[in-house]
Amino acid sequence: MSIASLFSVLAFRNVRRIVRRQTRVIRRRLDRQLTAMVLSRAACLVIFILPFTMYRIYVLNITVQSDRLILSAINNNLLEVVTVTIFYVNYSANFYVFMATSSRYRHQVKHVLVKKIWLPFRHWLHFRLKCRNENRIIPEGTQIYHTSVDLE
């Protein structure tokens, strides 16, 4: 947590220094975007890991009386489940943080989802449905029964 925070502060300082230099506007914009992504990722890292860290410190320093052992174990298990769940959200939050902070990332995700996944799937589905209907053969003179008609 401290290493990620340190590097996010260093990235922020680096972008402030880049703004003063004479570089291309596109490069500065992409650097700002990358820095925003890194800073928001570091903030989420702190938000999601801090409860678990505090819980682990609490567990190390707690002393439980023998008459309250079962109640304390139940409370500790509940706290552990909640903090571990928040801790694991940290790994899935990258996608949403980057979607919120970077327009370039949003365009890239849209490109992958639409052009690389959705369109081939749609063409495959259309081909499968079309082939299913074209290859049916019904012999002449065969009576077709509908399921809505009761047979006697």
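Take 426 as the starting number for the sequence shown in the numbering used here and just add one per residue.
We treat Cβ as the ideally placed atom computed from N, Cα and C, and that holds for glycine.
Values in this document were obtained by computation on a predicted structure and should not be read as measured data.
Query	Result
Candidates S528, Q458, S430, V506: closest to I578 by CA position	With the chain covering 426 to 577 only, the question about residue 578 has no answer from this structure.
Contact belief for L464 with M426 at Cβ below 8 Å, rounded distance in angstroms	Not a contact, Cβ separation roughly 14 Å.
Nearest-angstrom Cα separation, counted from I487 out to T467	Reading the sequence as shown, one finds Ala at residue 467 and not Thr. Approximately 30 Å between the Cα atoms of the pair.
Bounding residues of the alpha helix (DSSP H) (the contiguous stretch that carries T488)	Taken as a continuous stretch (DSSP letters only), T488 belongs to no alpha helix (DSSP H), as it is neither H nor E.
Three-way DSSP call (helix, strand, coil) for S430 in this model	helix
Environment of T460 [buried if 16+ CB atoms lie within 10 Å]	buried
Beta-carbon spacing of T526, M462 below 9 Å	yes
Member of R454, L475, R493 whose CA lies at the smallest distance from the CA of R529	R454
Distance between beta carbons of F512 and F477, contact taken as under 8 Å	4 Å
Chain D within 9 Å of R438, Cβ atoms only	Of the protein chains in the structure, only one exists, and it is not chain D.
Presumed contact (8 Å Cβ cut-off) between Q484 and N502, rounded CB distance	Per the sequence shown, the amino acid found at residue 484 is Val instead of Gln. Contact doesn't hold; Cβ gap of about 11 Å is too wide.
Straight-line Cα distance separating K540 from H551	16 Å
C-beta contact flag for E505 and Y480 at 9 Å	yes
Whole-angstrom distance between W543 and A490, CA atom to CA atom	The displayed chain sequence assigns Gln, not Ala, to residue 490. When rounded, the distance between both Cα atoms is 59 Å.
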